[in-house]
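Peer 1: Residue numbers (our numbering): 1111 to 1201. Glycine is no exception: its CB is placed at the ideal position from the N, C-alpha and C atoms. Sharing a structure with you now.
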Amino acid sequence: ISHEEIKGACGLPVGTSGKGTLMLSGGIDSPVAGYLALKRGVEIEALHFASPPYTSPGALKKAHDLTRKLTAFGGNITFIEVPFTEIQEEI
């Protein structure tokens, strides 16, 4: 039972089901998964592996934009960018 109204995705209040990391690629699947997690009360942080020139220059911006849009359903979402090019080339 709650006595206050919390803005969310018409599900459980964010943070009531723990924390999780959303691997945000920039496609449609990852933000949908993030939305569904937020709706189930999971507090998320967004993780994006940036690997130019193997990913498009707009991929990082798109991941940022998607994170910003998800905040409407879950408050503050931390965005973590992992520079992945050197690791990818080594592999």
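(1) Which residue wins for smallest C-alpha separation from His1174, given the options Ser1140, Gly1128, Glu1115?
(2) Rounding to the nearest angstrom, what Cα-Cα distance links Ile1197 and Pro1162 in this structure?
(3) If you measure from the beta carbon of Phe1183 to each beta carbon in chain B, is any gap under 7 Å?
(4) So, at 6 Å on beta carbons, what are the nonlocal neighbours of Ala1156 in its own chain, with the 5 sequence-adjacent residues on each side left out?
(5) Would you list, in sequence order, the uninterrupted beta strand (DSSP E) runs of no fewer than 3 residues that lie entirely inside the segment 1127-1156?
Peer 2: In brief:
(1) The residue labelled residue 1174 in the question sits at position 64 within the sequence shown. His1174 has its Cα closest to that of Ser1140, out of Ser1140, Gly1128, Glu1115.
(2) In the sequence shown, the residue the question calls residue 1197 occupies position 87. In the sequence shown, the residue the question calls residue 1162 occupies position 52. Approximately 12 Å, taken between the alpha carbons.
(3) Among the protein chains of the structure shown there is no chain B, as only one such chain exists.
(4) Here the question's residue 1156 lines up with position 46 in the sequence shown. Excluding positions up to five away in sequence, the list reads Leu1132, Leu1134, Thr1177, Ile1187, Phe1189.
(5) 1129-1133
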